[in-house]
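Structure first, commentary second.
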Amino acid sequence: MFTGIVEEIGTVKSVQSKVITIEASKIFDDLHLGDSVAVNGTCLTVSSFDNKIFNADVTQETLNRTNLGSLKNGSKVNLERAMTLSGRFGGHIVSGHIDGVGSIKSMKKDDNAIILTIEVPKHLMKYIVEKGSVAVDGISLTVASLTDNSFSIAVIPHTLKETVLYYKKEGDKVNIENDVIGKYVERLLTFKEDNNGSKKSNITMEFLLKNGF
Numbered sequence: 001m002f003t004g005i006v007e008e009i010g011t012v013k014s015v016q017s018k019v020i021t022i023e024a025s026k027i028f029d030d031l032h033l034g035d036s037v038a039v040n041g042t043c044l045t046v047s048s049f050d051n052k053i054f055n056a057d058v059t060q061e062t063l064n065r066t067n068l069g070s071l072k073n074g075s076k077v078n079l080e081r082a083m084t085l086s087g088r089f090g091g092h093i094v095s096g097h098i099d100g101v102g103s104i105k106s107m108k109k110d111d112n113a114i115i116l117t118i119e120v121p122k123h124l125m126k127y128i129v130e131k132g133s134v135a136v137d138g139i140s141l142t143v144a145s146l147t148d149n150s151f152s153i154a155v156i157p158h159t160l161k162e163t164v165l166y167y168k169k170e171g172d173k174v175n176i177e178n179d180v181i182g183k184y185v186e187r188l189l190t191f192k193e194d195n196n197g198s199k200k201s202n203i204t205m206e207f208l209l210k211n212g213f
């Protein structure tokens, strides 16, 4: 589990069908074999490391379903180690399981911030709410506004400087992880368990809207 607070920007050394190799620095403090590291928000397991270089196992499915498949030698990636019980919780609950890939629609300067608008598959939009949390390439961000198929976030200078958003441009792909709490709430509301197994609940989105929710 992660918090969406990026620890550092790593540099990809190689991407193969089964292993991704990344150069880093800060995360090597207390890094162990088998540890989980979020790479652009994707939870990967450290399979080996030495002299500021670590390898992580990666499946072809992960490469296909995230933006890791488009990485090349020299690409920059966000890195975050799994949270500890003694650490601070500065962002929101991030599982490291990517829900889909979005595309940067526009980047516009607004005073000291950059307004980033991201277009995502429509099935992901139901979990995105104004002023709610969303993880973009593993970064915990707050939704400023949304439409039917996109949402906007205000990126402050510090976040821009300390993450790969600094290197992004319009059209680039970003990993999206929706707020896990919303997904669990949906599951609880739409399904229930009986003696014969799971079946659909009578509670629907239409029911909730009709009753003022």
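At position 53 of the sequence shown (counting the first as 1) the number is 53 in UniProt numbering, and the numbers step up by one without a gap. Glycine included, C-beta positions come from ideal geometry on N, C-alpha and C.
In the three-state reduction of the DSSP assignment, Ser70 falls in the helix class, which pools H, G and I. Cα atoms of Ser17 and Gly69: separation of roughly 9 Å, rounded to the nearest angstrom. Collapsing the DSSP output to three states places Gly90 in coil.
Secondary structure note for Met107: its beta strand (DSSP E) is the uninterrupted segment 100-110.
With 16 or more other Cβ atoms from the protein chains shown falling within 10 Å of its own Cβ, Tyr127 counts as buried. Collapsing the DSSP output to three states places Thr159 in a helix.
Residue pairing of Glu130 in beta bridges, as defined by DSSP: absent, with no partner found. For Ile181, the enclosing alpha helix (DSSP H) begins and ends at 180-190.
Ranked by Cα distance from Val37, the options His123, Ala56, Met107 are led by Ala56. In the structure shown, Leu63 falls within a helical segment according to DSSP collapsed to helix, strand and coil.
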